[in-house]
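Have a look at the structure below before the remarks.
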Amino acid sequence: MSRLMWVQEIPSWVGNSINLVKINLVFCGLKEVDALAQLPNLVRLRLWLNAYVANKLAFHGHSFPKLRILVISSLEELREVTFEQNTLPQIETTLERDRLSLTGLKRHL
């Protein structure tokens, strides 16, 4: 199912959505994505076209347990992405198109 929603923060009910496997965020103006971090079955996350509007994005330990694909593109304000230890344990692919500084992500991808 696809839905188009205009939000500037992720609604609290999203964290209870165990069936969400793919999320594409665009033009949201988010300042944090922590509400998505514990989604148990999220496999793909795409942040693009100013979906996130801060200069740093941090992925904290033990977050995004099943995420395999992370796409970051066209986030004008974002300059740095950091990944704490034990973050994204299932990650297979990261696509980043903005010449960001990626810190802490294993380079075996």
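Quick note, this note's numbering runs 532 ahead of the 1-based positions in the sequence shown. Even for Gly, the Cβ is constructed at its ideal location relative to N, Cα and C. Nothing here was measured: the structure is a model prediction, and the numbers come from that model.
Determine the DSSP secondary structure at residue i, reduced to helix, strand or coil.
i    : result
I555 : strand
L568 : helix
V546 : helix
S606 : coil
R639 : Only weak support is given to the placement of R639: the predicted model assigns it a pLDDT of 43, under 50, and the value that follows is read from those uncertain coordinates. It is coil, neither helix nor strand.
V575 : coil
I623 : coil
L634 : strand
L599 : coil
E541 : coil
K588 : strand
L581 : coil
E628 : strand
Just mark residue i as buried or exposed, buried being the case when its beta carbon has 16 or more other beta carbons within 10 Å.
i    : result
S544 : exposed
I550 : exposed
V565 : buried
T619 : buried
H594 : exposed
L627 : exposed
Taking the alpha-carbon of residue i as reference, which of the options has the nearest alpha-carbon?
i    : options                   : result
I604 : L581, Q540 and P572       : L581
R629 : L579, V575, V585 and T614 : L579
F559 : T625, I542 and L627       : I542
V546 : A567, L599 and N573       : A567
G561 : P597, T635 and E608       : E608
Per DSSP, residue i forms a beta bridge with which residues?
i    : result
E616 : In DSSP, E616 forms no bridge with anything.
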